[in-house]
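Visitor: Got a structure for you, questions after.
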Amino acid sequence: MTANYPALIVIIPLAVAVITPVLGRISIVLAQLSAAAALLVAFISSLGALQHALAEGSWHYYFGGWAPPWGIEYVIDPLSGGLATLVSFIGLLVLIYAVPHLATKPARENTYFYTLYLLCVAGLLGMVVTGDVFNLYVFLEISSLAAYALIAFGGSRATVAGYRYLLIGTAAACLYLLGIGYLYALTGSLNMADLAELLPAVDAPTALVIATVLIVIGLGIKMALFPLHGWLPDAYSSAPAPVTGFIAAVMAKVSAYAIYRICFFVLKDTGTAIIALNMVGWMAAAGIIFGSIMAIAQNDLWRMLAYSSVAQMCYIALGVALGNTYGIYGALLHILNHAVTKGCLFLIAGSIAWKTGIRDITQFAKMCRKMPWTMAVFVVAALSMIGLPPTAGFFSKMYLVMGSVEAGAWGYVAVLVASSLLTAIYFFRVIEYAYLHQPAQGEAVKLEQENSVMARRWELPASMLMPIILLGIGVLTLGVLSEKIIADVIQFALPWGMP
Amino acid sequence: MTTEFFLANRPLWAVLISLVAAIVILANDRRHNIREAATLLAAVGKFAIILSMMPAVLAGQIIETTPLTLAPGIALHLRADACGLVFALLSSFLWIATSVYNIGYMRALKYGHETGYYACFAVALSSAIGIALSANLLTLFIFYEILTLATYPLVFHARTKEAIDGGHKYLVYTLAAGQLLLVAIIWTMIVAPGAGFTAGGFLAGKAPVAVLQVLFVLFVLGFGVKAAVMPLHDWLPTAMVAPTPVSALLHAVAVVKAGAFGFVRVAGFVFGPALIKDIGMGPLLAWLASITIIVASLRALSEDGLKRRLAYSTVGQLSYVVLGTAIASPLAFLGAIFHIVAHAFMKITLFFCAGAIYATTHKENVSEMKGIGRQMPLTMAAFTIGSIAIVGTPFWVGFVSKWNLGFGALQAGQPVFIAILVLSALLTTGYFFPIVYTAYFGSSEKELSYHEAKPSLLYPLLITAAVSFILGISPNFGLNFYDLAIQAVNSVFAASSGLSGGGL
Chain A
4 MTANYPALIV
14 IIPLAVAVIT
24 PVLGRISIVL
34 AQLSAAAALL
44 VAFISSLGAL
54 QHALAEGSWH
64 YYFGGWAPPW
74 GIEYVIDPLS
84 GGLATLVSFI
94 GLLVLIYAVP
104 HLATKPAREN
114 TYFYTLYLLC
124 VAGLLGMVVT
134 GDVFNLYVFL
144 EISSLAAYAL
154 IAFGGSRATV
164 AGYRYLLIGT
174 AAACLYLLGI
184 GYLYALTGSL
194 NMADLAELLP
204 AVDAPTALVI
214 ATVLIVIGLG
224 IKMALFPLHG
234 WLPDAYSSAP
244 APVTGFIAAV
254 MAKVSAYAIY
264 RICFFVLKDT
274 GTAIIALNMV
284 GWMAAAGIIF
294 GSIMAIAQND
304 LWRMLAYSSV
314 AQMCYIALGV
324 ALGNTYGIYG
334 ALLHILNHAV
344 TKGCLFLIAG
354 SIAWKTGIRD
364 ITQFAKMCRK
374 MPWTMAVFVV
384 AALSMIGLPP
394 TAGFFSKMYL
404 VMGSVEAGAW
414 GYVAVLVASS
424 LLTAIYFFRV
434 IEYAYLHQPA
444 QGEAVKLEQE
454 NSVMARRWEL
464 PASMLMPIIL
474 LGIGVLTLGV
484 LSEKIIADVI
494 QFALPWGMP
Chain B
7 MTTEFFLANR
17 PLWAVLISLV
27 AAIVILANDR
37 RHNIREAATL
47 LAAVGKFAII
57 LSMMPAVLAG
67 QIIETTPLTL
77 APGIALHLRA
87 DACGLVFALL
97 SSFLWIATSV
107 YNIGYMRALK
117 YGHETGYYAC
127 FAVALSSAIG
137 IALSANLLTL
147 FIFYEILTLA
157 TYPLVFHART
167 KEAIDGGHKY
177 LVYTLAAGQL
187 LLVAIIWTMI
197 VAPGAGFTAG
207 GFLAGKAPVA
217 VLQVLFVLFV
227 LGFGVKAAVM
237 PLHDWLPTAM
247 VAPTPVSALL
257 HAVAVVKAGA
267 FGFVRVAGFV
277 FGPALIKDIG
287 MGPLLAWLAS
297 ITIIVASLRA
307 LSEDGLKRRL
317 AYSTVGQLSY
327 VVLGTAIASP
337 LAFLGAIFHI
347 VAHAFMKITL
357 FFCAGAIYAT
367 THKENVSEMK
377 GIGRQMPLTM
387 AAFTIGSIAI
397 VGTPFWVGFV
407 SKWNLGFGAL
417 QAGQPVFIAI
427 LVLSALLTTG
437 YFFPIVYTAY
447 FGSSEKELSY
457 HEAKPSLLYP
467 LLITAAVSFI
477 LGISPNFGLN
487 FYDLAIQAVN
497 SVFAASSGLS
507 GGGL
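In structure tokens:
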């Protein structure tokens with residue numbers, strides 16, 4: 004079984020997704036357990052494959068024994084292995100978190116949810132582990148189609164947001180498909196490693212530039228790179244909490260990974276990637292400021308977090324665009340840190356809405372008393388978003404600033420500094436409402452009564468609170484261990500560190 | 007092996023002990039005695055650990071530990087050297103006094119939310135010791151930012167509108183400065199990869215002069231906010247809405263001195279005195295500090311709120327330290343380091359007195375304090391001692407540092423700064439002695455009877471007042487502050503300073 008880890012990462016969630024409608028007919032608990040088991044297998048396989056890749060170098064797995072460029076190849080290197088571990092881990096946590104959310108929904112909806120959720124996770128895992136640009140497109144569509152439907156679970160507004168995302172996302176996927184169509188026409192190959200060898204010899208600069216632009220824009224839309232982020236705030240803020248928690252944590256990041264993979268591993272020797280990345284850099288810098296300012300303007304916590312995601316995704320893009328060692332360290336570390344932090348924050352926002360029905364920050368008075376543990380984790384995660392030590396967010400931001408200083412990109416340094424301060428404004432605003440503001444008179448009395456009733460009870464069901472606390476601990480641990488993560492995994496994920 | 011492990015990692019334990027205490031405090035929300043016992047135990051334990059390192063450091067040894075790697079080539083590096091030990095000994099010693107005072111003060115005034123208060127206090131002390139013992143810039147920065155975060159809840163502690171606004175202002179100033187400091191530190195890390203604090207500096211020749219000048223300005227802005235160098239000082243008077251123990255230990259010792267200590271580290275251990283002279287930034291900073299000293303003293307004259315007056319006095323006094331590092335001659339440097347100690351004892355006494363008066367009589371304005379010397383004679387005696395010392399009267403602790411600063415200015419051939427010192431001393435007299443006069447000779451409408459502050463408030467302030475006197479006569483008394491400062495200066499100036507131990 005260990006010999007087939009790369010295949011298991013994708014196949015198990017996919018297969019279980021297919022049989023979940025049947026299992027759901029028998030029993031919802033069975034569907035839940037099988038989904039959790041599938042993601043656990045995916046997580047263990049990812050971890051095993053990652054360890055293998057770290058110990059013995061990249062693992063090239065030929066599907067069905069067909070060697071590339073004819074067959075499909077899965078590549079587990081430290082980069083894809085690490086990201087697959089992250090995706091499956093967050094997927095598993097959010098699945099556990101989702102159970103109380105779905106308890107009130109009819110069984111049929113439950114079944115659909117688990118099916119689509121597994122498809123979405125499987126699609127993202129496939130995008131990460133594949134070594135084939137067309138296969139990446141297929142998995143992109145699998146995950147996206149599942150995500151459109153998952154978002155629409157959130158009710159009437161969510162249907163519109165999901166539909167809008169469907170239109171924009173489909174256009175994005177088409178652009179990407181066109182882009183790889185060009186590459187295929189130029190080289191006759193779809194395998195990444197093969198393309199990387201063939202492309203430098205191709206003498207068709209215009210076609211190559213068009214291909215690059217199409218691919219970067221297509222994936223840029225999926226990763227919500229400013230100004231292509233239009234779908235994100237509505238989608239994130241109207242989807243059900245577990246869905247938002249999952250897609251905000253990892254979905255856009257997988258597209259960011261795809262941009263990095265294609266620019267640095269496929270197009271690396273062609274020269275067009277540099278131009279595209281330069282453009283991405285400035286889009287990212289503008290997006291960081293735009294996202295932060297828009298986040299300040301929001302009163303709805305979910306929309307605030309969504310705009311914050313726009314800004315934070317641009318951090319990752321900025322690091323990739325810098326293209327030097329520190330910049331890429333920062334970007335890859337931020338993929339991990341932001342996934343954990345933002346996932347945590349959206350789960351918290353979802354819990355607050357689930358428990359109290361409040362999404363508006365201005366009604367957060369005394370939230371620290373209603374949900375003390377949740378709010379404590381919120382503070383830790385907020386510090387990480389701002390980038391204050393000793394949380395995880397500080398270290399990724401530090402590497403980004405190091406990369407910018409080394410590259411002499413003072414504009415980026417200014418943007419990163421300004422962004423920290425803007426982020427501090429909107430997160431401390433929430434913290435102040437939750438900890439310092441006094442509720443209106445009648446509210447206060449009601450609160451006292453509620454407090455006396457639930458004095459000795461946990462604020463949330465364990466299956467919701469535990470993922471939140473686990474991610475909160477993760478935010479601190481990732482900060483303390485950031486250098487270890489870089490030394491053990493990320494430094495082997497650099498394009499020039501590849502065997 | 008275990009004893010060795012313990013001994014070798016003492017700088018780490020010194021930092022961690024109050025973090026552990028913070029957790030214990032948070033876990034004992036309803037059990038007040040356990041909570042406050044944890045604070046006291048941590049304070050005593052922290053001081054004992056730091057004190058135990060003193061003999062070794064005086065003998066020229068350096069105790070260091072690198073428990074963690076922060077970035078490629080940069081560790082979380084804690085090291086007890088003479089310079090850091092001065093600040094660490096000072097903060098941890100005063101934390102004991104403040105802990106006793108804290109318990110008395112918070113029980114008298116019943117603010118509420120005290121669990122968080124004690125926990126934040128403990129974390130703030132952890133980070134202050136972390137700053138003192140940091141051996142490189144990144145380690146220092148991490149503790150510096152934690153200090154900001156831990157003290158923010160202490161500023162808004164009263165949860166009134168004024169307090170929340172004060173907290174806002176504090177955050178805006180310190181977070182913005184923190185970001186500039188981060189840029190400066192990262193830039194230094196790129197220019198001189200992997201360098202830790204090196205006595206005499208490590209930046210010489212590493213980058214063009216223009217880059218070094220920009221770096222220096224960034225460092226000044228970064229540390230200048232906490233050290234309250236004008237025009238970056240405005241948060242400090244506003245932060246006086248915090249409970250008095252916070253103003254006393256944090257806004258007169260730990261937080262603001264972290265900024266001043268940052269200047270000492272940057273001037274002596276990053277740039278080095280010679281390089282500061284070469285890039286021509288010394289006079290600029292010295293004049294900035296001089297203007298701060300004079301303007302802050304003038305502002306203090308017109309403040310009626312006692313704590314606000316003390317705050318402006320702090321602004322001025324902190325710039326003595328900055329001035330010493332900017333003049334950058336051996337004696338000026340010695341004056342700067344010793345003034346961190348001297349000002350701490352004097353100002354904490356004055357703040358303790360202000361708090362004792364407030365907790366006992368609920369008076370916070372100077373104009374209300376007529377005749378209070380008859381009502382609270384011991385408290386006002388301590389206040390008078392603090393005032394005499396801070397003016398710089400000979401045989402009191404403030405004199406030792408100012409004397410060295412003045413001679414340092416001569417040594418550097420810049421006697422003009424002596425005039426600043428003298429002018430400032432006059433102004434200081436101008437804003438402290440009227441308080442003393444009002445307290446003793448002002449006639450109040452009501453007959454005032456003897457009503458001294460309660461013991462938990464009174465003893466700490468009597469002790470710090472006594473120390474302000476003893477250190478003036480014997481600067482080495484007990485904790486060897488003067489020898490440690492001399493040792494630090496000798497290391498920075500590579501023993502060419504011609505200073506030897508012993509003091510006056």
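Those sequence lines, one after another, are chains A and B.
Position in the first sequence (first residue = 1) + 3 = our numbering.
Position in the second sequence (first residue = 1) + 6 = our numbering.
Ideal Cβ placement from N, Cα and C applies to all residues, glycine included.
(1) Return no unless some Cβ of chain B is closer than 7 Å to the Cβ of MET226 of chain A.
(2) Would a check of beta-carbon distances place ALA427 of chain A closer than 7 Å to chain B?
(3) Between PRO466 of chain B and MET195 of chain B, what straight-line distance do the alpha-carbon atoms span, to the nearest angstrom?
(4) Between VAL380 of chain A and chain B, is the shortest Cβ-Cβ distance under 7 Å, so that the two count as touching?
(5) CB LEU433 of chain B to CB SER303 of chain B, shorter than 7 Å?
(6) Over the uninterrupted beta strand (DSSP E) stretch that includes PRO73 of chain B, give me the two end residues.
(7) Is the beta carbon of LEU324 of chain B less than 7 Å from the beta carbon of ALA292 of chain B?
(8) Between which residues of its own chain and ASP363 of chain A is the CB-CB distance below 7 Å, once the five residues before and five after are set aside?
(9) Whose C-alpha, out of B:LEU464, B:LEU100, B:SER98, B:ALA205, is nearest the C-alpha of PHE339 of chain B?
(10) Any beta-carbon of chain B closer than 7 Å to the one on VAL404 of chain A?
(11) Which residues in the same chain as GLY406 of chain A place their Cβ atom closer than 7 Å to its Cβ, once the five residues preceding and following it in sequence are excluded?
(12) Residues of chain A with CB under 7 Å from PHE162 of chain B, in chain order?
(13) Among the residues of its own chain, which have a CB less than 6 Å from the CB of ILE378 of chain B, if the five just before and after it don't count?
(14) Quick check on this structure: which residue in A:GLY94, A:PRO24, A:ALA58, A:TRP69 has the alpha carbon closest to the alpha carbon of ILE12 of chain A?
(15) Is the shortest distance between the beta-carbon of GLU486 of chain A and the beta-carbons of chain B less than 7 Å?
(16) Might you give, ordered along the chain, the residues of its own chain that have their beta carbon closer than 7 Å to the beta carbon of ALA62 of chain B, omitting 5 neighbours on each side?
(17) Enumerate in chain order the residues of its own chain whose CB-to-CB distance from VAL380 of chain A is below 7 Å, with the five nearest sequence positions on each side excluded.
(18) For LEU473 of chain A, return the contacting residues in chain B, with the cut-off set at a CB-CB distance below 8 Å.
(19) CA-CA distance, VAL215 of chain B and TRP193 of chain B?
(20) Chain A partners of VAL189 of chain B, CB-CB under 7 Å?
(21) Taking C-beta pairs closer than 7 Å, name the residues in chain A that TRP193 of chain B reaches, listed in chain order.
(22) On the DSSP letters alone, give me the boundaries of the alpha helix (DSSP H) that LEU82 of chain A sits inside.
(23) So, are the CB atoms of PRO17 of chain B and ALA86 of chain B less than 7 Å apart?
(24) Are the beta-carbon atoms of ASN340 of chain A and ALA395 of chain A separated by less than 7 Å?
(25) If we ignore side chains and look at the alpha-carbon of each, how far apart do VAL235 of chain B and VAL259 of chain B end up?
(26) Please state the DSSP three-state secondary structure of ALA494 of chain B.
(27) Leaving aside the five residues before and after ALA384 of chain A along the sequence, list all residues of the same chain whose C-beta is less than 6 Å from its C-beta, in chain order.
(28) Can you tell me the Cα-Cα spacing of ILE434 of chain A and THR365 of chain A, whole angstroms?
(29) In chain B, which residues lie with their C-beta within 8 Å of the C-beta of PHE430 of chain A?
(30) Starting from TYR446 of chain B, follow the alpha helix (DSSP H) in both directions and report where the run begins and ends.
(31) Rounded C-beta distance between VAL358 of chain A and MET374 of chain A? I'm assuming under 8 Å.
(32) Rounded C-beta distance between LYS225 of chain A and ALA255 of chain A? I'm assuming under 8 Å.
(33) By the 9 Å beta-carbon criterion, what residues does the region 383-403 of chain A contribute toward chain B?
(34) Apart from the five residues just before and just after THR399 of chain B, which ones in its own chain have a Cβ nearer than 7 Å to its Cβ?
(35) Would you mind reading off the limits of the beta strand (DSSP E) that contains ILE75 of chain A?
(36) Spatial neighbours of TYR185 of chain A within its chain, please: CB distance less than 8 Å, with the 5 preceding and 5 following residues excluded, ordered by chain position.
Guide: In short:
(1) The sequence position of residue 226 of chain A within the first sequence is 223, counting from 1. Chain B, which has no Cβ nearer than 7 Å to the Cβ of MET226 of chain A, makes this no.
(2) To locate residue 427 of chain A, count along the first sequence from 1; it is residue 424. Answer yes: the Cβ-Cβ gap between ALA427 of chain A and chain B drops below 7 Å somewhere.
(3) Position 460 of the second sequence, counting from 1, holds the residue named residue 466 of chain B. Position 189 of the second sequence, counting from 1, holds the residue named residue 195 of chain B. Between PRO466 of chain B and MET195 of chain B, the C-alpha separation is close to 43 Å.
(4) The residue you call residue 380 of chain A lines up with position 377 of the first sequence. Answer no: the Cβ-Cβ gap between VAL380 of chain A and chain B never drops below 7 Å.
(5) For the purposes of this step, residue 433 of chain B is identified with residue 427 of the second sequence, where counting begins at 1. For the purposes of this step, residue 303 of chain B is identified with residue 297 of the second sequence, where counting begins at 1. Yes.
(6) As a position in the second sequence, residue 73 of chain B is number 67, starting the count at 1. PRO73 of chain B -> beta strand (DSSP E) spans 69-77.
(7) Against the second sequence, residue 324 of chain B aligns to sequence position 318. Against the second sequence, residue 292 of chain B aligns to sequence position 286. No, the Cβ-Cβ distance between LEU324 of chain B and ALA292 of chain B is not below 7 Å.
(8) Sequence index remark: in the first sequence, residue 363 of chain A carries index 360 (1-based). Contacts found: ASN302, ASP303.
(9) Position 333 of the second sequence, counted from the first residue, corresponds to residue 339 of chain B. Looking at the Cα atoms, B:ALA205 is the closest of the given residues.
(10) On the first sequence, residue 404 of chain A is found 401 positions in, with the first residue counted as 1. At least one chain B Cβ lies under 7 Å of VAL404 of chain A.
(11) Stepping through the first sequence from its first residue, residue 406 of chain A is reached at position 403. Result list for GLY406 of chain A: GLY322, LEU325, ASN327, TYR329, GLY330, GLY333, in chain order.
(12) Start at 1 with the first residue of the second sequence, and residue 162 of chain B comes out as number 156. Per Cβ cutoff of 7 Å: LEU439.
(13) The sequence position of residue 378 of chain B within the second sequence is 372, counting from 1. If we look at ILE378 of chain B and ignore the five residues flanking it on each side, its Cβ neighbours are ALA445.
(14) Taking the first residue of the first sequence as position 1, residue 12 of chain A is located at position 9. That would be A:GLY94, whose Cα lies nearest to the Cα of ILE12 of chain A.
(15) Taking the first residue of the first sequence as position 1, residue 486 of chain A is located at position 483. With 7 Å as the cut-off, GLU486 of chain A counts as an interface residue toward chain B.
(16) Locating residue 62 of chain B in the second sequence gives position 56, where the first residue counts as 1. Hits under 7 Å: ILE69.
(17) Numbered from its first residue, the first sequence carries residue 380 of chain A at position 377. Closer than 7 Å at Cβ, skipping near neighbours: CYS347, ILE351, ILE471, ILE472, GLY475.
(18) As a first step, residue 473 of chain A must be located in the first sequence, where it is residue number 470. Under the 8 Å cutoff, chain B gives no residues; its nearest Cβ is about 19 Å from LEU473 of chain A.
(19) The sequence position of residue 215 of chain B within the second sequence is 209, counting from 1. The sequence position of residue 193 of chain B within the second sequence is 187, counting from 1. Between VAL215 of chain B and TRP193 of chain B, the C-alpha separation is close to 14 Å.
(20) Mapped onto the second sequence, residue 189 of chain B falls at position 183. Simply VAL404, VAL416, VAL420.
(21) In the second sequence, residue 193 of chain B corresponds to position 187, counting from 1. Here the neighbours are VAL408.
(22) The count along the first sequence starts at 1 and reaches residue 82 of chain A at position 79. It spans 81-105 - the alpha helix (DSSP H) in which LEU82 of chain A sits, taken as one unbroken run.
(23) Counting from 1 along the second sequence, the entry for residue 17 of chain B is found at position 11. Counting from 1 along the second sequence, the entry for residue 86 of chain B is found at position 80. Yes, Cβ-Cβ distance for PRO17 of chain B and ALA86 of chain B is below 7 Å.
(24) Counting from 1 along the first sequence, the entry for residue 340 of chain A is found at position 337. Counting from 1 along the first sequence, the entry for residue 395 of chain A is found at position 392. Yes; because the gap between Cβ atoms is below 7 Å, this pair is in contact.
(25) In the second sequence, residue 235 of chain B corresponds to position 229, counting from 1. In the second sequence, residue 259 of chain B corresponds to position 253, counting from 1. The alpha-carbon atoms of VAL235 of chain B and VAL259 of chain B are separated by roughly 15 Å.
(26) Along the second sequence, read from residue 1 onward, the residue named residue 494 of chain B stands at position 488. ALA494 of chain B falls in the helix class under three-state DSSP.
(27) As a first step, residue 384 of chain A is located in the first sequence; it is residue number 381 there, counting from the start. Hits under 6 Å: THR344, CYS347, LEU348, VAL478.
(28) Stepping through the first sequence from its first residue, residue 434 of chain A is reached at position 431. Stepping through the first sequence from its first residue, residue 365 of chain A is reached at position 362. Near 11 Å, if we compare the C-alpha coordinates of THR365 of chain A and ILE434 of chain A.
(29) Stepping through the first sequence from its first residue, residue 430 of chain A is reached at position 427. Result: empty, since nearest Cβ-Cβ is about 11 Å, beyond 8 Å.
(30) Taking the second sequence and counting its residues from 1, the one referred to as residue 446 of chain B is at position 440. Note, TYR446 of chain B: alpha helix (DSSP H), 422-447.
(31) Start at 1 with the first residue of the first sequence, and residue 358 of chain A comes out as number 355. Start at 1 with the first residue of the first sequence, and residue 374 of chain A comes out as number 371. For the sequence presented, residue 358 of chain A should be read as Lys rather than Val. Yes, they are in contact, since the Cβ atoms of LYS358 of chain A and MET374 of chain A sit about 7 Å apart, within 8 Å.
(32) As a first step, residue 225 of chain A must be located in the first sequence, where it is residue number 222. As a first step, residue 255 of chain A must be located in the first sequence, where it is residue number 252. Rounded, the Cβ-Cβ distance is 7 Å, consistent with contact.
(33) LEU386, ILE389, GLY390, LEU391, PRO392, PRO393, PHE397, PHE398, LYS400, MET401, TYR402
(34) Start at 1 with the first residue of the second sequence, and residue 399 of chain B comes out as number 393. Within the same chain, THR399 of chain B has close Cβ partners PHE405.
(35) On the first sequence, position 72 is the one that residue 75 of chain A refers to. Segment: none, ILE75 of chain A is in no beta strand (DSSP E) and carries neither H nor E.
(36) The count along the first sequence starts at 1 and reaches residue 185 of chain A at position 182. Taken in chain order, the residues that qualify are ALA210, LEU211, ILE213, ALA214, LEU217.
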